[in-house]
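Some notes on the structure that comes next.
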Amino acid sequence: MGQATPATTRARALERVREITLQVLGDRDVRVYLFGSSVTGRVRGSSDIDVAIDPLHALPSALLAELRERLEESEVPYDVDVVDLSVASPELRARVEREGRLWRG
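Residue numbers for the sequence shown, in the working numbering: 2 to 106.
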């Protein structure tokens, strides 16, 4: 069996981040986006993975803390930045809605 390429490693990492994120959020009424370099194609070896959560109703801070902790403790070999769009700047929200890939919503 050959070694994984950077592209396949990243693809597996993105799928794992998606799985963890959706598992932690459960059936809450939220939209989840992948955004940033993972979507724009400007990925470098050191690029993090950017995930935006857009809740219909405010999420408990403990839930977002749990999500961040689960991602940090996972086998994903990249930093994962989780953004709560309900408290993000209008500019960031617009960028995510314009450029992001909807994972759930």
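Note that CB positions come from ideal geometry on N, CA and C, so glycine has one too.
Segment contact, 8 Å Cβ cut-off, at least three pairs: the stretch 17-25 with the stretch 69-84: yes
Between the CA atoms of L86 and R29 - distance to the nearest angstrom: 15 Å
CB of V81 within 8 Å of CB of V52, strictly: yes
Which listed residue (V31, G46, L35 and T6) has its alpha carbon closest to that of R17: L35
Best match in V83, T9, R96 and G46 for proximity to L65 [C-alpha to C-alpha]: V83
Strand pairing of S26, partner residues [DSSP]: In the sequence on display, residue 26 carries Leu and not Ser. DSSP, once it has assigned bridges, lists no residue as partnering L26.
Complete beta strand (DSSP E) runs within the stretch 18-92 (minimum length 3 residues, chain order): 31-36, 50-56 and 81-85
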